[in-house]
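A.B. asks: Below you will find the structure I want to go over with you.
Take a look at the structure:
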């Protein structure tokens, strides 16, 4: 593995705002800019493309993507070189055989607005810190090691998610967590890796951009997204950052004062609605948008403090998972209910997350 690392990641033309070919096509033989005419003789040049602040900002974001990918590849090669220097010699046949079996296995099949992707199942791969910014054209998701995924998102977001998951698979990383609100998505993968789309809450976007060269301790270990720019992100060093109602501030500050990160945080249909599962399985919720059926389920279980996670959706959806592996959900669409029925016929459900306009993301295992 160390002597035969994977080659540098390819930066496709889709990630580059102005290519060399674009510039050449817009230059005359004497090196002067050429204009192309359309309609009533309007002139369009490379300079015109970069004339507005919005266009310049877009080009900067796309350039950041390329720089981040190159930086990640540089770190990988440096670590390979360091290990080679410390352990000289010819790689054994066993190591070469192991390398041949570590490729990421992905399979995608589209059915209308629904998409299904099979995750990597290699349990022996050892990942390094690898900052990755999938900015500009990506979106939602959720997954567990060795799981398959079924999700429904808007058409443009569907394409972005596919690309994001393919990029992570090329790096032979395992998706460990996903948060989505239907418009934006954050992926946690590998050993502290994070990928995110530009449509996530702005405060979180800027927070994650600062982590590109940070250590594992400063990387996210849990992320939750809600509508109206609400979010929660926890880091491996025990710190956290969030945006939400004032009641959430008070509860989280008290929880973090005990140096214990919550297991999960979810945001509901109204701004003041949230649900927190603490480190010991106990929980607390508040807000006008807590579904009545969820309250009834909690009461029927005698309000037991044994929860692993609770997810809420913007239209009253909810998902609850307990420590014994049992799960309950309600408020979902008929389409999602049908998808879950097919999954449960020959598989095991892990988790589901909800977004705007009936979007969803489900992770599961097949028997």
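Numbering (the numbering used here), first residue to last: -11 to 355.
C-beta atoms are modelled at their ideal positions from N, C-alpha and C, and glycine is treated no differently.
Keep in mind it's a predicted model, so treat the numbers as computed, not measured.
1) Could you have a look at residue 159 and say whether DSSP puts it in helix, strand or coil?
2) Below 8 Å between beta carbons: does that hold for residue 174 and residue 211?
3) To which residues of the same chain is residue 25 closer than 6 Å at the C-beta, ignoring the five residues directly before and after it?
4) Which value, in whole angstroms, describes the spacing of the CA atoms of residue 305 and residue 344?
5) In chain order, which continuous runs of the alpha helix (DSSP H) of length 4 or greater are located wholly inside the segment 180 to 244?
6) I need the straight-line Cα distance from residue 284 to residue 200, nearest angstrom please.
7) For residue 204, tell me which candidate among 215, 224 and 195 has the shortest Cα-Cα distance.
8) Kindly confirm or deny that the segment 263 to 277 and the segment 314 to 321 touch, where touching means at least three C-beta pairs closer than 8 Å.
9) Can you give me the Cβ contacts of residue 236 inside the same chain, cut-off strictly under 6 Å, excluding the 5 residues immediately before and after it?
10) By DSSP, does residue 95 sit in helix, in strand, or in coil?
11) Report the option in 327, 196, 307 and 192 whose CA atom is closest to the CA atom of residue 206.
12) Could you give the distance in angstroms between the alpha-carbon of residue 145 and the alpha-carbon of residue 171?
13) Alpha carbon to alpha carbon, what distance is there between residue 167 and residue 347?
14) Tell me which residue opens and which closes the beta strand (DSSP E) that residue 264 is part of.
15) Comparing alpha-carbon positions, which option in 142, 159 and 198 lies nearest residue 65?
16) Taking the alpha-carbon positions, what's the residue 299 to residue 324 distance?
17) Which residue comes first and which comes last in the alpha helix (DSSP H) that contains residue 281?
18) Going by Cα to Cα distance, which pick from 327, 181 and 155 is closest to residue 165?
19) Output needed for residue 244: all residues of its chain with C-beta closer than 7 Å, excluding positions within five of it in sequence on either side, in chain order.
20) Within a Cβ cutoff of 7 Å, which residues of the same chain sit near residue 310, ignoring the five residues on either side of it in sequence?
21) Mark residue 198 as exposed unless 16 or more other C-beta atoms lie within 10 angstroms of its C-beta, in which case mark it buried.
22) My understanding is that residue 217 touches residue 190, with C-beta atoms under 8 Å, so please give their C-beta distance in whole angstroms.
23) I need the boundaries of the beta strand (DSSP E) containing residue 252, first residue and last residue.
24) Please state whether DSSP places residue 147 in a helix, a strand or coil.
25) Near residue 335, which residues of its chain fall below 7 Å by C-beta distance, leaving aside the five closest residues on each side in sequence?
26) Give the single residue among 219, 256, 179 and 44 whose Cα lies nearest to the Cα of residue 193.
27) How far does the beta strand (DSSP E) with residue 356 in it extend, from its first residue to its last?
28) So which of 264, 137, 302 and 281 has the shortest CA-CA distance to residue 238?
29) For residue 44, does the count of other Cβ atoms within 10 angstroms reach 16, so buried, or fall short, so exposed?
C.D. replies: Short version:
1) The DSSP-derived three-state label of residue 159 is coil.
2) Going by beta carbons, residue 174 and residue 211 fall inside the 8 Å limit.
3) Residue placement at residue 25 is flagged as unreliable, the pLDDT there being 41, under the threshold of 50; a coordinate-derived value is accordingly withheld.
4) A straight-line Cα-Cα distance of about 11 Å links residue 305 and residue 344.
5) Every alpha helix (DSSP H) stretch that sits fully inside the segment 180 to 244 and reaches 4 residues is listed by chain position as 190 to 197.
6) In a straight line, the C-alpha of residue 284 is about 44 Å away from that of residue 200.
7) If we check each option's Cα against that of residue 204, 224 comes out closest.
8) Three or more Cβ pairs closer than 8 Å define a contact, and the segment 263 to 277 falls short of that threshold against the segment 314 to 321.
9) Once the five neighbours on either side are set aside, the close Cβ partners of residue 236 are 262.
10) With a pLDDT of only 31 at residue 95, under the threshold of 50, the placement of this residue in the model should not be trusted; the figure read from the coordinates follows. In this structure, residue 95 counts as coil in the three-state DSSP scheme.
11) Measuring from the Cα of residue 206, the nearest candidate turns out to be 196.
12) Taking the straight line from one Cα to the other gives about 7 Å.
13) Going by C-alpha positions, residue 347 is about 12 Å away from residue 167.
14) For residue 264, the enclosing beta strand (DSSP E) stretches over residues 262 to 265.
15) Closest by alpha carbon: 159.
16) Each residue's CA atom was taken as its position, placing residue 299 and residue 324 some 15 Å apart.
17) The continuous alpha helix (DSSP H) containing residue 281 extends over residues 280 to 288.
18) Nearest of 327, 181 and 155 to residue 165, Cα basis: 181.
19) Answer for residue 244: 228, listed in chain order.
20) Cβ neighbours of residue 310 beyond the five flanking positions: 294, 295 and 296.
21) Exposed is the call here.
22) Taking a contact as a CB-CB distance under 8 Å, the pair residue 217 and residue 190 counts as one, their CB atoms being some 7 Å apart.
23) DSSP places residue 252 in the uninterrupted beta strand (DSSP E) bounded by 252 to 255.
24) Correct three-state label for residue 147: helix.
25) Scanning its chain for C-beta atoms nearer than 7 Å, with the 5 sequence neighbours on each side dropped, one finds around residue 335 the residues 352, 353, 354 and 355, in chain order.
26) Relative to the Cα of residue 193, the nearest Cα in the group 219, 256, 179 and 44 belongs to 219.
27) The requested residue 356 does not occur in the structure, where the chain is confined to residues -11 to 355.
28) Just measuring C-alpha positions, the residue of 264, 137, 302 and 281 sitting nearest residue 238 is 264.
29) Residue 44 comes out exposed.
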